[in-house]
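Notes follow the structure.
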Amino acid sequence: MLPFPVAFKLGSPVYEQLLYAVEKAVISGLIQPGDKFPSVRTLSQELRINPNTAHKVVAVLVGQGLLEVNPGIGTVVGKQPKATSKQRSELLGDDVEHLVVEAKKLQLELEDLTDAVESHWNNLTQPPCPPSSKYKA
Amino acid sequence: MEQPNPTPMSPIIEIQSLTRRFGRQEAVRDLTFEVPKGSIYAFLGPNGAGKTTTIKMLLNILQASSGSARILGIDSKDLGPRELAQIGYVSENQQLPEWMSVQQLINYCKPMYPTWDDAFCAKLLKDFELPPEKKLKNLSRGMKVKAALITSLAYRPKLLVLDEPFTGLDPLVRDEFIRGMLELSGQSDWTVFVSSHDIDEVDRLADWVGIINEGHLHLSEPTESLQARFRLLMFTAGEGTTQLPQNLPENWLIPEMSGHSVRLVDSQFQEEQTLNNLRRFFPNAGEPAVTVMSLRDIFLALARSFRFKTDAS
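Protein sequences, first through last, are from chains A and B.
The numbering of the first sequence is my numbering, which starts it at 52 and goes up by one.
The numbering of the second sequence is my numbering, which starts it at 68 and goes up by one.
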């Protein structure tokens, strides 16, 4: 069993969906720094996905610092890296602007948007599971 | 981190102008493509497209009328026991010695394969919940396929060839089959070539696809590039456009217009060029909704466009 949920939807590439699922699991505390992360083969077998895809996702997450490779132990969840100033300005500038444009297009109120943001924020801040559900290899 | 599967570079299967005639019928016509080492290659096409004929020529079960196939670097006509001991093969119509028990089948196969892995075989037997003492003739279809897969996986083949392996399997057995197949991904050198008429069966597994129809290969490329170049476009045609313009670009598949809205599949999507083309043919078009397509939708769009062309010619 994998320590985090992945619900694949048709359409968008498996690679992006898995990447997002792991990022979300780390951010929401479902898997925590130091937890063992499943191997490429386990990911591939459990999700019935191409091992090359699983490998690519792990490599990207290691590159981001979200996962760390510990010789002898395998891949573990890393400490969440601080955002770079480029990442900050991308998110707070372009991505938020995009969201505002979409919201205005649908004639939503600012309050609708801040409420929705707050609710998602809170959902992801509280670890949904007690730490006892840590992944054991 | 584990060792990655070797980057798909060197081909493990190379097919060159392969053709097979049965009487006047051309079952496979001038087929040329390669299967990169380390890939899971899905060979897709409707029933009767020529998939099994191709696979049989690959494995030297059937002679080509012309052209050639190389497998593991060897001409398929020269395949001998040494190469076959590195290839696993499971087909829809697998012939098994029905009078044997599962264990007898395993004992019978084992001596032919120097790389046979007893521990792996035992693990598969357990995972697949196959009763070793049971005679093959008393097994369900799903159980028989699993028995065939065990005897094709236990020697850790470098190449696994599967011909419509999922036909008639219930979802649970199919799932076990895929899991078993993925056991191989733990080894350094492995490739899977799997034929199917149903894209859904291999959707998240394949990283390469080949599409064959009426003996003719329509494409062979990584799923990633396929998904990158296909987009579904939907937009309102705008003032003055009441029917589809003539001479739309070739790469716009199955264009349709219904009321004011137009729908088409761009098989060569590039944001700037696609939008320029759109403005050229639909000067007053609204902002298009551009959607990424699943492999299934791409496959269906292609299949419908083949029919379009066949009907037109």
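All residues carry an ideal CB built from backbone N, CA and C; glycine is no exception.
Note that the structure is predicted; figures quoted are calculated from it, not measured.
Cβ of residue i within 8 Å of any chain A Cβ
i	result
Q294 (chain B)	yes
A266 (chain B)	A small correction: the amino acid at residue 266 (chain B) is Ile; Ala does not occupy that position in the sequence shown. No, because no Cβ of chain A sits closer than 8 Å to the Cβ of I266 (chain B).
M68 (chain B)	Annotation note: pLDDT 46 at M68 (chain B) (below 50); position unreliable, coordinate value reported separately. Yes, M68 (chain B) counts as interfacial toward chain A.
Contacts of residue i in chain B (Cβ-Cβ under 7 Å)
i	result
S95 (chain A)	L249, S252
Chain B contact residues for residue i, given Cβ-Cβ distances below 8 Å
i	result
N101 (chain A)	I107, R271, L272, A273, D274
Beta bridge counterpart(s) of residue i as assigned by DSSP
i	result
V276 (chain B)	B:A109, B:E288
D333 (chain B)	B:R298, B:W319
T358 (chain B)	B:L299
A352 (chain B)	For A352 (chain B), which the question treats as bridged, DSSP gives no partner whatsoever.
P78 (chain B)	B:P103
Q92 (chain B)	B:F89
G155 (chain B)	B:L227
S325 (chain B)	B:S328
L118 (chain A)	A:V128
F260 (chain B)	B:Y108, B:V228
L98 (chain B)	B:L85
S168 (chain B)	B:K202
K87 (chain A)	A:V127
H283 (chain B)	B:N280
Proximity test, Cβ basis, 8 Å: residue i and chain B
i	result
P64 (chain A)	yes
T104 (chain A)	yes
F59 (chain A)	yes
Y186 (chain A)	Confidence at Y186 (chain A) is low in this model, with a pLDDT of 47, below 50, so its placement is unreliable and the value that follows should be read with caution. No, no contact with chain B.
R139 (chain A)	no
Three-state class that DSSP yields for residue i in the structure shown
i	result
T176 (chain A)	helix
G125 (chain A)	strand
K187 (chain A)	Residue confidence for K187 (chain A) is low, a pLDDT of 44 falling below 50, so the modelled location carries little weight and cannot support an answer.
L251 (chain B)	helix
S136 (chain A)	helix
T166 (chain A)	Just to set this straight, residue 166 (chain A) is Asp in the shown sequence, not Thr. In this structure, D166 (chain A) counts as helix in the three-state DSSP scheme.
M124 (chain B)	helix
S143 (chain B)	helix
Q158 (chain A)	coil
S135 (chain B)	strand
K190 (chain B)	helix
P56 (chain A)	coil
S207 (chain B)	coil
A379 (chain B)	Note that A379 (chain B) has pLDDT 49, beneath the 50 cutoff, so the model's placement of it is unreliable and no number is given.
N344 (chain B)	helix
L61 (chain A)	coil
V269 (chain B)	coil
A304 (chain B)	coil
Proximal residues to residue i (C-beta, below 8 Å), its chain only, five neighbours per side dropped
i	result
L150 (chain A)	L164
K225 (chain B)	I79, L139, Q153, I154, D256, W257, T258
T218 (chain B)	L172, I173, C176
N318 (chain B)	D333, S334, Q335
E101 (chain B)	P78, I80, E81, I82, S287
L293 (chain B)	V276, L286, L362, I365
D146 (chain A)	none
G125 (chain A)	K87, F88, S90, A188
Within chain A, partners of residue i - CB distance below 8 Å
i	result
I173 (chain B)	Simply none; closest approach about 23 Å.
Proximal residues of chain A, C-beta to C-beta of residue i below 9 Å
i	result
R246 (chain B)	Q96, E97, R99
Spatial neighbours of residue i in its chain, beta-carbon cut-off 6 Å, leaving aside the 5 residues before and after
i	result
S79 (chain A)	L175
G282 (chain B)	E93, A94, V95, R96, G117
H264 (chain B)	P113, N114
L299 (chain B)	V332, T358, M360
E169 (chain A)	none
R330 (chain B)	M301, E323
Spatial neighbours of residue i in its chain, beta-carbon cut-off 7 Å, leaving aside the 5 residues before and after
i	result
V91 (chain A)	P102, A105, H106, V109
T106 (chain B)	Per the sequence shown, residue 106 (chain B) should be read as Ser rather than Thr. Closer than 7 Å at Cβ, skipping near neighbours: P75, T258, D274, W275.
V381 (chain B)	This structure cannot speak to residue 381 (chain B), because chain B is shown only from 68 to 380.
P355 (chain B)	L300, M301, F302, L345
G209 (chain B)	L236, D237, V240
G129 (chain A)	P84, G116, L117, L118, E119
Q66 (chain A)	For the sequence presented, residue 66 (chain A) should be read as Tyr rather than Gln. Cβ within range, chain order: T104, K107, V108.
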